[in-house]
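Engineer: I'd like to ask some things about the structure below.
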Amino acid sequence: MKISTKGRYGLTIMIELAKNYGEGPTSLKSIAQANDLSEHYLEQLIAPLRNAGLVKSIRGAYGGYILSDVPSKITAGDVIRVLEGPITPVEGIEDEEPAKRELWIRIRDAIKGVLDNTTLEDLANHRDDEEVEGYMFYI
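At position 81 of the sequence shown the residue is numbered 81 (full-length UniProt numbering), and the sequence of numbers has no breaks.
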């Protein structure tokens, strides 16, 4: 499974909104400028996130977007599923021979586990000086 720019930039939007949670609406323009991204592209990504109920739009001169729930209740998996669709490493998994099918299922479940156990709060609070060594993945 490959996460496209839709998923990556969508997560960027959601992390920025999580960082600003409780401080009022955040404009897409400010998110685009802070992350050197296209504001027009972010506008295309925010619509499905709003339709899925993950963000709310606030109109007006000081409007923008806010998370619809606390950052600890929204996961990376929620965002990726909205923007990328179902999490499946291989198409037509049911047609595979049993050994390969079990492998694909284990890979899918591992990816789901990481995405569904990583909240926006985790991502917003991440510091660059944290050691990556703490994570060991066996595939």
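From the three backbone atoms N, C-alpha and C, an ideal C-beta is built for every residue, glycine too.
Keep in mind that this is a model prediction, so the values were computed, not measured.
Does DSSP put residue 67 in a helix, a strand or coil?
Structural biologist: Translated into positions along the sequence shown, residue 67 becomes position 67. The answer is strand: DSSP assigns residue 67 an E or B state.
Engineer: Give every residue of the same chain whose Cβ lies closer than 7 Å to the Cβ of residue 83, excluding the five residues on either side of it in the sequence, and list them in chain order.
Structural biologist: As a first step, residue 83 is located in the sequence shown; it is residue number 83 there, counting from the start. Within the same chain, residue 83 has close Cβ partners 6, 7, 10, 45 and 48.
Engineer: For residue 71 and residue 117, I'd like the C-alpha separation in whole angstroms.
Structural biologist: Counted from its first residue, the sequence shown places residue 71 at position 71. Counted from its first residue, the sequence shown places residue 117 at position 117. The alpha-carbon atoms of residue 71 and residue 117 are separated by roughly 13 Å.
Engineer: Identify the continuous beta strand (DSSP E) that holds residue 56 and give its terminal residues.
Structural biologist: The residue you call residue 56 lines up with position 56 of the sequence shown. Start and end: 55-58.
Engineer: Once you ignore the five residues that flank residue 39 on each side, which residues in its own chain have a CB closer than 7 Å to its CB?
Structural biologist: For the purposes of this step, residue 39 is identified with residue 39 of the sequence shown, where counting begins at 1. The residues are 28, 29 and 32.
Engineer: Once DSSP output is grouped into helix, strand and coil, what is the label at residue 88?
Structural biologist: Counting from one through the sequence shown, the residue named residue 88 turns up at place 88. In the structure shown, residue 88 sits in coil (DSSP, three-state: anything other than H, G, I, E or B).
Engineer: Please tell me whether residue 67 and residue 55 are closer than 8 Å, where the distance is taken between their beta carbons.
Structural biologist: Start at 1 with the first residue of the sequence shown, and residue 67 comes out as number 67. Start at 1 with the first residue of the sequence shown, and residue 55 comes out as number 55. Cβ atoms of residue 67 and residue 55: closer than 8 Å.
Engineer: Please look up how many angstroms separate the CB atoms of residue 18 and residue 124, rounded, as I've assumed it's under 8 Å.
Structural biologist: Here residue 18 refers to the residue found at position 18 of the sequence shown. Here residue 124 refers to the residue found at position 124 of the sequence shown. Rounded, the Cβ-Cβ distance is 4 Å, consistent with contact.
Engineer: Does DSSP put residue 118 in a helix, a strand or coil?
Structural biologist: Mapped onto the sequence shown, residue 118 falls at position 118. Reduced to three states, the DSSP call for residue 118 is coil.
Engineer: Are the beta-carbon atoms belonging to residue 142 and residue 63 less than 8 Å from one another?
Structural biologist: The structure shown has nothing for residue 142, since the chain only spans 1 to 139.
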